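Asker:
Numbering (the numbering used here), first residue to last: 394 to 618.
1) Could you check what DSSP says for residue 412 in three-state terms: helix, strand or coil?
2) Counting pairs of beta carbons, one from the region 578-587 and one from the region 602-614, are three or more of them closer than 8 Å?
3) How should residue 402 be labelled, buried or exposed, when 16 other C-beta atoms within 10 angstroms of its C-beta is the threshold for buried?
4) Quick one, which of 433, 489, 544 has its alpha-carbon nearest residue 454's?
5) Among 422, 499, 554, whose alpha-carbon lies nearest the alpha-carbon of residue 460?
6) Which residues share a DSSP beta bridge with residue 563?
7) Is residue 443 closer than 8 Å to residue 407 when the C-beta atoms are compared?
8) On a CA-only basis, which of 446, 588, 431 is nearest residue 488? Give me that one, please.
9) Are the region 593-605 and the region 471-486 in contact at 8 Å, needing three or more beta carbon pairs?
10) Closest to residue 464 by C-alpha separation, out of 568, 425, 438, 529, would be which residue?
11) Since residue 518 and residue 504 should fall inside the 8 Å C-beta cutoff, what is the C-beta to C-beta distance between them, to a whole number of angstroms?
12) Could you tell me the distance, in whole angstroms, from the CA atom of residue 394 to the CA atom of residue 419?
13) Between residue 499 and residue 572, what straight-line distance do the alpha-carbon atoms span, to the nearest angstrom?
14) Excluding the 5 residues flanking residue 516 on each side, which residues of the same chain have their C-beta closer than 8 Å to its C-beta?
15) Using the three-state DSSP reduction, which class does residue 529 fall into: helix, strand or coil?
16) Going along the chain, which residues of its own chain have a beta-carbon closer than 8 Å to the beta-carbon of residue 473, five neighbours each way excluded?
17) With a cut-off of 8 Å on the beta carbons, I'd call residue 439 and residue 416 a contact; round off their distance for me.
18) Find out if the Cβ-Cβ distance for the pair residue 467, residue 602 is shorter than 8 Å.
19) Among 469, 526, 441, which residue has its Cα nearest to the Cα of residue 610?
20) Measure the alpha-carbon distance for residue 441 versus residue 471 and round it to whole angstroms.
21) Taking 8 Å as the cut-off, decide whether the C-beta atoms of residue 588 and residue 514 are in contact.
Structure, rendered in structure tokens:
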């Protein structure tokens, strides 16, 4: 369930003799803490609106005996590993997430309470008044991270296109959505959906989506990632 944190299946015996199974994601150090907090906040947010499709978050914290180790705990859901759900089945779950959360951003703005992780890449979720402002800042941040990954040596073609992208393309593409009386209402999006993050539950019918990189955004924001 994660390439950047350790994951475990934990089965516990309860006082009444029954058992309960949990999923744990564990991370180390500052980077691990960020990944764990991203998971906790994202899964709680998506669970609030589509609980039938998201494993129930249980707890997050830091080990008392290992202060450099952090964890996220959720209900363990049995899934069918090798069966990728039909597109219409998980698109229905995402449509429910978008429609049920529409207009319910806690600040009324675009963003998220914490910087979430797109894989292991931190994304800037600073609250923004407009969709253009939010998306432009994220794109700048991702391109800066791309440069940093190459030892600060800019890619020649990207550098040539960067001014055109930010000064011409994005304003022409996004600004009309919020001009002349038009507006974009933030909704919650998953933002990291791919075949590794969606499976059928054991009934073979109900879709389970997880490992969200949640943010309050344009409902089609995930399509551009």
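Every residue gets a Cβ at the ideal spot worked out from N, C-alpha and C, and that includes glycine. Predicted, not measured: the structure shown is a model, and the values here were computed from it.
Answerer: Well, looking at it:
1) In this structure, residue 412 counts as strand in the three-state DSSP scheme.
2) yes
3) exposed
4) 433
5) Closest by C-alpha distance to residue 460, out of 422, 499, 554, is 422.
6) Its beta-bridge partners do not exist; DSSP assigns none.
7) no
8) 446
9) yes
10) The option with the nearest alpha carbon to residue 464 is 425.
11) 5 Å
12) Since pLDDT at residue 394 reaches only 47, below the 50 mark, its modelled position is unreliable, and no value is offered.
13) 23 Å
14) 508, 509, 510, 531, 534, 535, 606, 608
15) DSSP places residue 529 in helix when its eight states are reduced to three.
16) 592, 593, 594, 595, 597
17) 15 Å between Cβ atoms; not a contact.
18) no
19) 526
20) It is roughly 20 Å from the alpha-carbon of residue 441 to the alpha-carbon of residue 471.
21) no
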